[in-house]
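Before any comments, here is the structure.
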Amino acid sequence: MGPTSAIVLFAVIWFMTFFIVLPLRLKTQGDVGDIVPGTHAGAPYEHNLKKKAIITTIIAIILWCVIAGIILSGIITLRDIDWFHRMSTPEL
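Heads up, the final residue of the sequence shown is numbered 244 in our numbering, and it's a clean run with no missing numbers.
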């Protein structure tokens, strides 16, 4: 895996994790009872984006280390997930 692949892998993991962490412990304006005129009741009251970004980064680093380790060690390769046998057989 090259440096570009490693950065792209980390970015994908980070954003997927961020979209999972984003709605956790979300207080909406409707839950609190303080709805700002012109906004939806489901709009966030407190979003805590900095805290969620830090949590996302920590989780993404751990996941990236595990996934990059699996890729670099060769435990799982592209040939292992070639379910339709479209790749040619390796020449010895």
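Every residue gets a Cβ at the ideal spot worked out from N, C-alpha and C, and that includes glycine.
Item                                                                                                         : Value
Short Cβ contact (7 Å threshold) for Pro196 with Leu178                                                      : yes
Under the three-state DSSP convention, the category Pro155 falls into                                        : helix
Met172, buried or exposed, once every other Cβ within 10 Å from all chains shown has been counted against 16 : Per the sequence presented here, residue 172 reads as Ile, with Met not at that position. Exposed, by the Cβ-count rule.
Cα-Cα separation between Leu230 and Ala205, rounded to whole angstroms                                       : 32 Å
Under 7 Å between C-beta atoms of Ile159 and Ala212                                                          : no
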